[in-house]
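Chemist: Handing you a structure now.
Numbering (the working numbering), first residue to last: 2 to 219.
Spelled out as structure tokens, the structure:
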């Protein structure tokens, strides 16, 4: 019989053990997205971006043909990462661009979390390639989008079958926090949630305003 040990599972993410790669969250790439409401997509991407900055996650931001075709980054991404480098490419698969792989190797972590547009092209390519090269790959499914539900779901299914692990934007942030006793990031997490986490965020606001309650009795 196994023994229960008080510890986090090795598959759970923490702020120090992975690289977040944000791929092609650009205006032109969003125009054709139908698998998720674009306003919801922007909110989820903003949540992920703010959480990554707040928790100090190593992050790589990359675009495709920014000046000639795909347009600027979502303002939420640009605002979150400020003067951080943005690697513009011509390849649909960012793993075929040396700027991106050099950045991954410089950071030097074997676990990668991916998010971007479109799921079936700009996410499938690097995820399958990274898995083949021995990296652990996670995909934030609701911070990705595609031209149809079918395109998004088949892409997610293909990556999962190859070994990628799916999660959501809110799940990502809460997994980084994981314990409400972590006071250093408590206000960060609940603040982002109040602003961007839909009904859950409203619930936090309500509990605090009506009877001074907080997560975990903090």
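Glycine residues also receive a C-beta, built at the ideal position from the N, C-alpha and C atoms.
For residue 177 versus residue 14, is the C-beta spacing smaller than 8 Å?
Modeler: Yes.
Chemist: Who pairs with residue 100 in a beta bridge, going by DSSP?
Modeler: None; residue 100 has no bridge partner.
Chemist: Is residue 32 buried or exposed, if buried means 16 or more other CB atoms sit within 10 Å of its CB?
Modeler: With fewer than 16 other Cβ atoms within 10 Å, it is exposed.
Chemist: Taking only three categories from DSSP, how would you classify residue 220?
Modeler: It is not possible to answer for residue 220, since the shown part of the chain is limited to 2 through 219.
Chemist: If we count the other Cβ atoms within 10 Å of its Cβ and call it buried at 16 or more, is residue 212 buried or exposed?
Modeler: Result: exposed.
Chemist: For the alpha helix (DSSP H) that residue 28 lies in, which residues bound it at each end?
Modeler: From DSSP, the alpha helix (DSSP H) with residue 28 extends over 28-32.
Chemist: How long is the line joining the alpha carbons of residue 88 and residue 99, rounded to whole angstroms?
Modeler: The alpha-carbon atoms of residue 88 and residue 99 are separated by roughly 10 Å.
Chemist: At what residues does the alpha helix (DSSP H) containing residue 73 begin and finish?
Modeler: Taken as a continuous stretch (DSSP letters only), residue 73 belongs to no alpha helix (DSSP H), as it is neither H nor E.
Chemist: Can you give, in chain order, each stretch of the alpha helix (DSSP H) that sits fully within the segment 138-190 and has at least 4 residues?
Modeler: The qualifying runs are 150-163, 170-178.
Chemist: Residue 112 by DSSP, collapsed to three states: which one?
Modeler: Strand, per DSSP.
Chemist: If you reduce the DSSP assignment to three classes, tell me which class residue 202 lands in.
Modeler: Three-state result, residue 202: helix.
Chemist: Once you ignore the five residues that flank residue 166 on each side, which residues in its own chain have a CB closer than 6 Å to its CB?
Modeler: Counting only Cβ-Cβ distances below 6 Å, and skipping sequence neighbours, we find 139.
Chemist: Let me know if residue 3 comes out buried or exposed under the rule of 16 or more other beta-carbons within 10 Å of its beta-carbon.
Modeler: Burial call: exposed.
Chemist: Pairing CB atoms from the segment 61-71 with CB atoms from the segment 32-43, are three or more of them under 8 Å?
Modeler: Touching, no.
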